[in-house]
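Chemist: I have a structure here, written as structure tokens, and I will follow up with some questions on it.
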Amino acid sequence: MEVTRNLFNLDGRVALVTGGSRGIGRAISLGLATFGADVAILGLSPKTEEVIDEIRRLGRRGLFVKGNVADVADSRRAVGQIAADLGKIDILVNNAGVGPTHPAAEVTPEEWDEVMGVNIRGLFFITQAVGKQMIKRGQGGRVINIGSIFGIVGSEIGASVYHAAKGSIVVLTRALACEWAKSGILVNSIGPGFITTDLTKELQTTPVLGDLIKNRHALGRFGRPEEIVGAVVLMAGDGATFITGQNLYVDGGYTAW
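Now the structure itself:
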């Protein structure tokens, strides 16, 4: 492949982003569109329509498919609809996730099932559905899993189930990368540090804990959703044709200590 300045050009590609209505998912969806991709978003929030409107204003096709990634039948239906309406799926970004926090001694089976149902079970089965489409087309593809620093480090905030789910994503990424390499499907994950979103505002404003977490990042701050976009665009484009099975930490140096 000739090295050109188009390594990050996504023109003509179709991306599916799960949970793209706000925070990191919204930034990823708009970032992919900015670099040329048409973007479908699978989610439940009516606010997703606002993101789709922004994608269209960027001159790209945007499609909102309402569905729950934790419902396997729902996600399979959505994948079929997106492939039919937009013609294909080249890029899957598994961003949808939930992360309630309770001390390990208080976690209920229902909470375990909720977190695992979205963060790993749902992720696996929508990836399976998209992977089948990619294998059938025979033109390869990209799967980008949004994991977390909590996939390799512990914490004292009562997120044991979330840690377990995100750790599973790291290993699943490697396994799928090896299994699907022969089909030209590159599978990688991105592990954000603490990013400023609606979900982390409470942590940021909690006395002592907020500053403690902030200062564990070598850069001494929480990240911004837009700071995840570069890693996703890299993994989605021609700049990453020899990268698979990797977990890239975009964490302000949290895991560098």
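Here the sequence shown is numbered in my numbering, starting from 436 and rising by one per residue.
Built from N, CA and C at the ideal position, the CB exists for glycine as well.
Indicate whether Gly-576 and Thr-536 have their beta-carbon atoms separated by less than 9 Å.
Modeler: Indexing the sequence shown from 1 puts residue 576 at position 141. Indexing the sequence shown from 1 puts residue 536 at position 101. Contact flag unset, no.
Chemist: Would you call the region 528-547 and the region 447-461 in contact, with 3 or more CB pairs under 8 Å?
Modeler: Cβ pair count under 8 Å is three or more, so yes.
Chemist: Here's the rule I'm using: 16 or more other beta-carbon atoms within 10 Å means buried, otherwise exposed. How should Val-606 be labelled?
Modeler: The residue labelled residue 606 in the question sits at position 171 within the sequence shown. So Val-606 ends up on the exposed side.
Chemist: Starting from the C-beta of Gly-645, find all residues in its chain whose C-beta is less than 7 Å away, skip the five residues before and the five after it, and write them out in chain order.
Modeler: Residue 645 sits at position 210 when you count from the first residue of the sequence shown. So the list reads Leu-638 and Gln-639, once near-sequence residues are dropped.
Chemist: Could you give the C-beta distance for Asp-686 and Gly-626, rounded to a whole number, given that I count them as a contact under 8 Å?
Modeler: Within the sequence shown, the letter at position 251 stands for residue 686. Within the sequence shown, the letter at position 191 stands for residue 626. Contact flag correct, Cβ pair sits at about 6 Å.
Chemist: Taking the beta carbon of Leu-647 as the centre, do at least 16 other beta carbons fall within 10 Å, making it buried, or is it exposed?
Modeler: Within the sequence shown, the letter at position 212 stands for residue 647. Counting Cβ neighbours within 10 Å, Leu-647 comes out exposed, since fewer than 16 surround it.
Chemist: Could you tell me whether the Cβ atoms of Leu-498 and Leu-467 are closer together than 9 Å?
Modeler: Against the sequence shown, residue 498 aligns to sequence position 63. Against the sequence shown, residue 467 aligns to sequence position 32. In this structure, Leu-467 does not lie closer than 9 Å to Leu-498 by Cβ.
Chemist: Residue ranges of each alpha helix (DSSP H) run of no fewer than 4 residues wholly in the region 472-508, ordered along the chain?
Modeler: The qualifying runs are 483-492.
Chemist: Okay, do the region 508-521 and the region 573-588 touch, 3+ Cβ pairs below 8 Å being the bar?
Modeler: Flag = no, the region 508-521 and the region 573-588 do not touch.
Chemist: Roughly how far, in whole angstroms, is the beta-carbon of Val-449 from the beta-carbon of Ile-570, given that I think they are within contact range, below 8 Å?
Modeler: In the sequence shown, counting from the first residue as 1, residue 449 sits at position 14. In the sequence shown, counting from the first residue as 1, residue 570 sits at position 135. The Cβ separation is near 16 Å, so there is no contact.
Chemist: When the Cα of Gly-566 is compared with those of Asp-673, Ser-464 and Ile-526, which residue comes out closest?
Modeler: Along the sequence shown, one-based indexing puts residue 566 at 131. Looking at the Cα atoms, Ile-526 is the closest of the given residues.
Chemist: Give a yes or no on whether the minimum CB-CB distance between Arg-495 and chain C is below 9 Å.
Modeler: Although the question refers to chain C, the structure presented lacks it and comprises just one protein chain.
Chemist: Short check: CB of Ile-463 to CB of Val-528, under 9 Å?
Modeler: The residue given as residue 463 occupies position 28 in the sequence shown. The residue given as residue 528 occupies position 93 in the sequence shown. In this structure, Val-528 lies closer than 9 Å to Ile-463 by Cβ.
Chemist: I need the DSSP call for Thr-543, collapsed to helix, strand or coil.
Modeler: Locating residue 543 in the sequence shown gives position 108, counting from the first residue. Coil, per DSSP.
Chemist: With DSSP collapsed to three states, give me the class of Asn-650.
Modeler: Counted from its first residue, the sequence shown places residue 650 at position 215. It is helical.
Chemist: Please check the pair Gly-674 and Phe-443, which I expect to be a contact at CB under 8 Å, by giving their CB distance rounded to whole angstroms.
Modeler: For the purposes of this step, residue 674 is identified with residue 239 of the sequence shown, where counting begins at 1. For the purposes of this step, residue 443 is identified with residue 8 of the sequence shown, where counting begins at 1. Indeed they touch by this definition, with Cβ atoms about 6 Å apart.
Chemist: Find out if the Cβ-Cβ distance for the pair Arg-512, Gly-502 is shorter than 9 Å.
Modeler: For the purposes of this step, residue 512 is taken as the residue at position 77 of the sequence shown. For the purposes of this step, residue 502 is taken as the residue at position 67 of the sequence shown. Yes, Cβ-Cβ distance for Arg-512 and Gly-502 is below 9 Å.
Chemist: Looking at C-alpha atoms only, which residue of Phe-559, Thr-562, His-652 and Thr-608 is the closest neighbour of Gly-688?
Modeler: Taking the first residue of the sequence shown as position 1, residue 688 is located at position 253. Checked all of Phe-559, Thr-562, His-652 and Thr-608; the closest Cα to Gly-688 is His-652.
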